[in-house]
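Engineer:
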Amino acid sequence: MVTLDHSPTSYLDGQKIQRLGFPNMQLDNEDKVEKDALLNQALISAVHAFSARWIPIGYFRNGTETNLQEAIARKEYFVESLWQQAYRNVLPVLTRPSYRSILALYLFGTTPTSLKNKERRISDHCLETALRHYVQLRAEIRIAARYPSSTSTQNYDSTDNNLAGTKAEEEYNHLADTAYWFGIVIDGSRALTRCQPSVLLPGLSGESQVWDLVRKQSESFDMIYRSMQSSKPLLTDGTVMTIIQYGSSCKTLFWKAVSRVQEYFFYQTVEQSLDAILENVVREMNRFEDVFGPFLEQCGRDYVLLSEKSRISYCELPMLKVTWY
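Offset between the sequence shown (1-based) and my numbering: plus 3.
#1: Among Glu311, Trp258, Thr69, Thr181, which residue has its Cα nearest to the Cα of Arg193?
#2: Tell me the DSSP secondary structure of Leu203 in three-state form.
#3: Going by the CB atoms, is the gap between Gly250 and Phe295 shorter than 8 Å?
#4: Below 8 Å, can you find three or more Cβ-Cβ pairs linking the segment 64-81 to the segment 130-146?
#5: What span of residues does the alpha helix (DSSP H) with Arg77 cover, start to end?
#6: Take Gln44 as the anchor and find which of Tyr62, Arg56, Arg91, Glu83 has the nearest alpha-carbon.
#7: Tell me the residue span of the alpha helix (DSSP H) that contains Gln220.
#8: Got a sec? Which residues, its chain only, sit under 6 Å from Trp86 by beta carbon, not counting five neighbours each side?
#9: Taking Arg304 as part of the alpha helix (DSSP H), name the residues at either end of that continuous run.
#10: DSSP on Phe314, reduced to helix/strand/coil?
#11: With 16 as the cutoff for other CB atoms within 10 Å, does Phe111 come out buried or exposed?
#12: Is Tyr62 buried or exposed, if buried means 16 or more other CB atoms sit within 10 Å of its CB?
#13: Specify the secondary structure class of Met231 as computed by DSSP and reduced to three states.
#14: Where Arg218 and Cys253 are concerned, what is the direct C-alpha to C-alpha distance, given to the nearest angstrom?
#15: Taking just the CA atoms, how far does Gln72 sit from Ala260?
#16: Pick from Glu173, Arg286, Pro297: whose alpha carbon is nearest that of Met231?
#17: How many Å lie between Ala100 and Leu41 at the Cα?
#18: What residue does the alpha helix (DSSP H) around Phe63 start on, and which one ends it?
#19: Per DSSP, what kind of secondary structure is His136 in: helix, strand or coil?
#20: Can you tell me where the alpha helix (DSSP H) holding Met4 begins and where it ends?
#21: Quick check: the Cα distance between Asn158 and Tyr270, rounded to an integer number of angstroms?
#22: Buried or exposed: Gln199, going by 16 or more other Cβ atoms within 10 Å of its Cβ?
#23: Where does the unbroken alpha helix (DSSP H) through Gln248 begin, and where does it stop?
#24: Given a threshold of 16 other Cβ atoms within 10 Å of its Cβ, counted over all protein chains shown, does His136 qualify as buried or as exposed?
#25: How many angstroms separate the CA atom of Thr67 from the CA atom of Ala74?
#26: Any contact of the segment 123-135 with the segment 172-179, i.e. 3+ C-beta pairs under 8 Å?
#27: Please state if the CB of Gly191 and the CB of Glu274 are separated by a distance shorter than 8 Å.
#28: Provide the residue span of the alpha helix (DSSP H) that contains Ala107, from first to last.
#29: CA-CA distance, Leu281 and Trp214?
#30: Just the Cα atoms here: how many angstroms apart are Thr306 and Leu237?
#31: Keeping to the same chain, check which residues put their C-beta closer than 6 Å to that of Pro95; ignore five residues upstream and five downstream.
#32: Determine the direct distance from the alpha carbon of Ser313 to that of Leu299, and round the result to whole angstroms.
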């Protein structure tokens, strides 16, 4: 996400803003330096607060002290101090959409804090704002693509320069799509765990943009790998990671279907009937179980022979079966 912020593709130039009649809110060089400093500090502080919980208690003992409760109290004070520091540094980026602000707001929004903390509800606002930053950044990408500036359409003197520009744009688009998928996963998790309406894909708006593609990818995976469902040879780490990647997107599709049930009852933002929504939940659950269930059993069979990365990924994916039933 840091790379995306430093790419010129992510910004609308002054000429384009004037052409479209938008308010000129471009920052001068001094303001850009200040914004960069704020974003970097917010992200660093959010990372520190997010990761502090995993510092071993032993680091908070004084010499040969054996009193565990005092060490725990010191750690709690230290972790809470980092949360307060992150709180002060993250607030300014709530109004500065960028990929770094998205990551900082997400990390801070998912950082636990004491129940005595009167500001702990800021986490809900941070997560929602992070998702709304996605909406604005994606809108800028669409506008940039629809109304290219003169600098992006000029003829290059060198074919190599032209190819380099095309490759850089393709890489940027890939990174932006990857970041957007991360946002979709965040949005789905937030909708289910915090009983909040979807920000990125409310109602059925994501069908043509995201979910139809996920279904097609699952179908393609099934056509290629169906014959391996009953195979006896050990799975390779490459095959396991392919299963995890496709299975994760299919699982996200299922949880999105479940979140629509919640949205139907609490927010009335889904256009379908309740029967149709429930049928879709069952259909997506069956899709996951039919396509990926046999492969997960094979992953469990070969678990001890897989790499650490494959084992960790495998442990995350079957949560659909455990949680749903």
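Ideal placement from N, C-alpha and C gives every residue a C-beta, glycine not left out.
Structural biologist: On the basis of the data shown:
#1: Trp258
#2: coil
#3: yes
#4: no
#5: 71-93
#6: Arg91
#7: 215-228
#8: Ala52, Thr116
#9: 277-304
#10: Reading off the sequence shown, one finds Arg at residue 314, where the question assumed Phe. Here Arg314 sits in helix by DSSP.
#11: buried
#12: exposed
#13: helix
#14: 7 Å
#15: 45 Å
#16: Pro297
#17: The question names Ala, yet the displayed sequence has Pro at residue 100. Each residue's alpha carbon lies about 12 Å from the other.
#18: Per DSSP, Phe63 belongs to no alpha helix (DSSP H) and is neither H nor E.
#19: helix
#20: Run containing Met4: none; DSSP gives neither H nor E here.
#21: Bear in mind that the predicted position of Asn158 carries a pLDDT of just 48, short of 50, making it unreliable; the figure below should be weighed with that in mind. Looking at the two C-alpha atoms, the distance is approximately 51 Å.
#22: buried
#23: 240-269
#24: buried
#25: 11 Å
#26: no
#27: no
#28: 102-112
#29: 17 Å
#30: For the sequence presented, residue 306 should be read as Tyr rather than Thr. Answer to the nearest angstrom: the Cα atoms are 10 Å apart.
#31: Leu41
#32: 12 Å
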